[in-house]
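Heads up, the thing below is written out as structure tokens.
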Amino acid sequence: MAKQILNVTDLSMHFGGIRAVDQVDLDINEGEIVALIGPNGAGKTTFFNCLTGIYNPTQGDIKLYQEGKKEARLNGLKPNQVTEKGMARTFQNIRLFQKMTVLENVMIGRHCRTTSFIAGAIFRTRHNRREEREIIERSYSILEKVGLEKHVNDLASNLSYGAQRRLEIARALATDPFLLLLDEPAAGMNPQETKELDDLITKIRDDGLAILLIEHDMKLVMSISDRIFVMDYGKKIAQGTPQEIGDNPDVIKAYLGEAADA
Amino acid sequence: MISMEELKRSFKASVWFMFLTFPILVIKVNPIEKTVIWRWENMAFVGIGVFMLSILIRAFYIHRERLRSLTISKKRFGYIGDEPLVQFILREPKYLYPLAAATLLFALLFPSLFDTYQTNVMTTALMYVVLGLGLNIVVGVAGLLDLGYVAFYAVGAYSYALLNLHFDLGFWAILPMGALLAAMFGIVLGFPVLRLRGDYLAIVTLGFGEIIRLVLENWSEFSQGPSGISNIPRPGFFGMEMDLNSAIVYMYYLVVGLVIITIFVVNRLQDSRLGRAWIALREDEIACQAMGIDKTKTKLTAFALGATWAGIVGVIFAAKTTFINPASFTFLESAIILSIVVLGGMGSILGVIIGALILILLPEYLRALSEYRMLAFGAILVLMMVFRPQGIIANVRRSYQFKKSAKEGDA
Numbered sequence: 001m002a003k004q005i006l007n008v009t010d011l012s013m014h015f016g017g018i019r020a021v022d023q024v025d026l027d028i029n030e031g032e033i034v035a036l037i038g039p040n041g042a043g044k045t046t047f048f049n050c051l052t053g054i055y056n057p058t059q060g061d062i063k064l065y066q067e068g069k070k071e072a073r074l075n076g077l078k079p080n081q082v083t084e085k086g087m088a089r090t091f092q093n094i095r096l097f098q099k100m101t102v103l104e105n106v107m108i109g110r111h112c113r114t115t116s117f118i119a120g121a122i123f124r125t126r127h128n129r130r131e132e133r134e135i136i137e138r139s140y141s142i143l144e145k146v147g148l149e150k151h152v153n154d155l156a157s158n159l160s161y162g163a164q165r166r167l168e169i170a171r172a173l174a175t176d177p178f179l180l181l182l183d184e185p186a187a188g189m190n191p192q193e194t195k196e197l198d199d200l201i202t203k204i205r206d207d208g209l210a211i212l213l214i215e216h217d218m219k220l221v222m223s224i225s226d227r228i229f230v231m232d233y234g235k236k237i238a239q240g241t242p243q244e245i246g247d248n249p250d251v252i253k254a255y256l257g258e259a260a261d262a
Numbered sequence: 263m264i265s266m267e268e269l270k271r272s273f274k275a276s277v278w279f280m281f282l283t284f285p286i287l288v289i290k291v292n293p294i295e296k297t298v299i300w301r302w303e304n305m306a307f308v309g310i311g312v313f314m315l316s317i318l319i320r321a322f323y324i325h326r327e328r329l330r331s332l333t334i335s336k337k338r339f340g341y342i343g344d345e346p347l348v349q350f351i352l353r354e355p356k357y358l359y360p361l362a363a364a365t366l367l368f369a370l371l372f373p374s375l376f377d378t379y380q381t382n383v384m385t386t387a388l389m390y391v392v393l394g395l396g397l398n399i400v401v402g403v404a405g406l407l408d409l410g411y412v413a414f415y416a417v418g419a420y421s422y423a424l425l426n427l428h429f430d431l432g433f434w435a436i437l438p439m440g441a442l443l444a445a446m447f448g449i450v451l452g453f454p455v456l457r458l459r460g461d462y463l464a465i466v467t468l469g470f471g472e473i474i475r476l477v478l479e480n481w482s483e484f485s486q487g488p489s490g491i492s493n494i495p496r497p498g499f500f501g502m503e504m505d506l507n508s509a510i511v512y513m514y515y516l517v518v519g520l521v522i523i524t525i526f527v528v529n530r531l532q533d534s535r536l537g538r539a540w541i542a543l544r545e546d547e548i549a550c551q552a553m554g555i556d557k558t559k560t561k562l563t564a565f566a567l568g569a570t571w572a573g574i575v576g577v578i579f580a581a582k583t584t585f586i587n588p589a590s591f592t593f594l595e596s597a598i599i600l601s602i603v604v605l606g607g608m609g610s611i612l613g614v615i616i617g618a619l620i621l622i623l624l625p626e627y628l629r630a631l632s633e634y635r636m637l638a639f640g641a642i643l644v645l646m647m648v649f650r651p652q653g654i655i656a657n658v659r660r661s662y663q664f665k666k667s668a669k670e671g672d673a
């Protein structure tokens, strides 16, 4: 049995009378790719936002376990604190820093792992210069990993759509996470780009990261996930291996009678 | 060459202007003598003037294309032409350093080349350069629209005036204190506006600026009210007595020194971990937080560091004019400093410097136009914003060079 790194119990998020997320349980083990699927409006992104501190959940517990560290309860932490704990995310609608270069976008990700401040910026001590050099080199190596090293000095807004998606992943990787949350990484991608993304996600997993992804592209989900959770109307309606989910009548019903592997 | 079509369009434009200006420029009604004067010659002036101007603009657009292809063919000096000339010069130390040195030399020789009036005007302009660079941190880099920047300027000025009045402290002792006090006020303003952005932030900061001014105006026991504080001593120079002329020149050099320090510090700040965090905050607040940046800390440092410069300039302002009252710290000042940043180019240091010099020096040198001075000034601002909405010099991100060896160096 692999070690559990994230355990969500009984998580609910209410907006007034609307229960966007209703008592959802979810867990992720070390080095696992877990997918969270469901029809539009099922509450997947709200669930993500609760995990990453953008919303403060109405009830429930989010616990993060990291090797050699105490368990951390994430409820009510700010997004930057969650990221510091080792859980990084990407966004469904791309949220890059458009007027910064590709490299700088990734360098921002290194922010929470570095310490230079006002005095360091002004006086540039040897320590600060070394730190700055490390930020740049580390960011560049991450860009190489996602295959964007040719665009280092381009503005983020000038990248193609698929490249922007990959840059988001690179930026999240730069925060040194052990759990990566991807919100619809394949949305709007062509089959070729989806294939590349598939390879990239697998590569990231092989580096020892666990991944939780929201995705609509069933082919991608079925091929790379170890386990799948299905949500509908804010509730979890199924969980299991891709095989089990594909045969689950509730899931098929939720997707309007279409087979999930269509 | 300009085609018939273009001529026709220019003609139409001039007819339009003649029509539009007809009621104010042509008809002149005198209600007392009950006469109407028809000034047809004005109409002719407007018509010909607009026609010529329109032709000129069209010719400019046609020639611009040709000029562009011309610069590309000129590959001398290693200039390729796919980036603005200014950016090229800024990037290339070979040209930047001599140019900077020449500018510095000119700045240092300025008091001996021109009279004290010019020196005084230049001192003021350079003070606005520092103010602009300070506000640039807040508005240009961190993207927090601050309409009450003048409040920190007032804090600096009044801290010198009051501390000197009550505790007899000298200029050099108060300079860091004024900076610190302004920074503290920056944080005080920062806390309530942490959650605000854009228009809402603008309104709150506007209110903050007005609060400071109204307090200074109405709390007479504290600030001597609208009558202000006079007889503020000029800065000393190792206890030397100076006559007015040398005091002005001394002040000028002081401000030149401050400008150099400001450029150095602001440049390093922008190109640092903190500077990148500011820009990220400007670009996307939610993504910025999700990437592990502490929004509170980042915003407050932007406010505090921006305010620091205003505080320093405030102290210098009080020392320079030797008299201050709340009327010097109205919203108009904030608006001018903001215009400097926007006009110069948000986030661009050179842009802000040029913007400040233009905005402060232009009204001085337009005095020749007497009563049309502010009209011409306004027209120039409008034209600049129409033709260069990104500012005089747009900010360009730093690029990094990677050698192949860098790849093997890291894992």
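Protein chains in written order, with this note's numbering: chain E, 1 to 262; chain Z, 263 to 673.
Even for Gly, the Cβ is constructed at its ideal location relative to N, Cα and C.
Nothing here was measured: the structure is a model prediction, and the numbers come from that model.
In this structure, the alpha-carbon of LEU456/Z lies about 23 Å from that of MET100/E. A check of alpha carbon separations from ALA597/Z across GLY573/Z, LEU443/Z and GLY394/Z identifies GLY394/Z as the nearest.
LEU468/Z is positioned such that its CB atom lies no closer than 8 Å to that of LEU600/Z. One thing to note: GLY576/Z has its Cβ within 8 Å of the Cβ of GLY418/Z.
Between ALA42/E and GLY188/E, the CB-CB gap reaches or exceeds 8 Å. Interface flag for HIS216/E against chain Z is unset, since no Cβ pair is found closer than 8 Å.
Under the three-state reduction of DSSP, THR90/E is assigned to coil, being neither helix nor strand. Taking C-beta atoms as the reference points, ASP25/E and VAL8/E count as a pair closer than 8 Å. Pairing TYR415/Z with PHE649/Z gives a Cβ-Cβ distance that is not under 8 Å. For ARG635/Z, the enclosing alpha helix (DSSP H) covers residues 635-649.
Contact residues of the stretch 205-231 of chain E toward chain Z are absent (C-beta to C-beta distance below 8 Å). Rounded to the nearest whole angstrom, the CA to CA distance from ASP247/E to VAL466/Z is 57 Å. By the neighbour-count criterion, in which a residue is buried when 16 or more other Cβ atoms sit within 10 angstroms of its Cβ, TYR422/Z is buried.
Interface flag for PHE579/Z against chain E is unset, since no Cβ pair is found closer than 8 Å. Contact annotation, THR570/Z with ALA435/Z: C-beta distance approximately 17 Å; criterion of less than 8 Å not satisfied. Secondary structure of ASP232/E (DSSP, three-state): strand. Excluding residues up to 5 positions away in sequence, GLY410, VAL412, ALA413 and SER596 lie with their Cβ nearer than 6 Å to the Cβ of GLY471/Z in the same chain. Selection GLU215/E, GLY76/E, GLU71/E and ALA72/E evaluated against GLN59/E yields GLY76/E as nearest (Cα-Cα).
Taking a C-beta cut-off of 9 Å against chain Z, the contacting residues of the stretch 98-121 of chain E are GLN98, LYS99, MET100, THR101, LEU103, GLU104, ASN105, MET107, ILE108, GLY109, ARG110, HIS111, CYS112, ARG113, THR114, THR115, SER116, PHE117, ILE118, GLY120 and ALA121, listed in chain order. For the stretch 62-85 of chain E, the residues whose beta carbon sits under 9 Å from a beta carbon of chain Z are, in order, LYS78, PRO79, ASN80, GLN81, VAL82, THR83 and GLU84. Rounded to the nearest angstrom, the Cβ distance from GLY607/Z to ILE541/Z is 14 Å, too far for a contact under 8 Å. The beta-carbon distance between GLY568/Z and SER610/Z, rounded to whole angstroms, is 16 Å. This is too long to meet the 8 Å contact definition. Rounded to the nearest whole angstrom, the CA to CA distance from PHE447/Z to LEU425/Z is 17 Å. Annotation for THR45/E: the continuous alpha helix (DSSP H) segment containing it runs 44-51. Interface flag for LEU167/E against chain Z is unset, since no Cβ pair is found closer than 8 Å. Going by DSSP, VAL24/E is part of the beta strand (DSSP E) stretching over 18-29. Nearest neighbour of GLY617/Z by Cα position, chosen from ALA387/Z, MET266/Z, ALA321/Z and VAL277/Z, turns out to be ALA387/Z.
Secondary structure of VAL298/Z (DSSP, three-state): strand.
In its chain, beyond the 5 residues on either side, THR9 have a beta carbon closer than 6 Å to the beta carbon of ASP61/E. Assigned with DSSP and collapsed to three states, ASN105/E falls in helix.
Within a 10 Å sphere around the beta-carbon of PHE500/Z sit fewer than 16 other beta-carbons, which makes this residue exposed. If you draw a 10 Å sphere on the C-beta of GLU184/E, you find 16 or more other C-beta atoms in it, and that means buried.
Assignment of ARG95/E by DSSP, reduced to helix, strand and coil, places it in the coil class. In terms of Cβ geometry, ASN40/E and LEU103/E do not form a close pair [threshold 8 Å]. By the beta-carbon neighbour count (other beta carbons within 10 angstroms, threshold 16), GLY17/E is exposed. Between ARG538/Z and ILE108/E a beta carbon distance of about 6 Å is seen, short of the 8 Å cut, so the two are scored as contacting.
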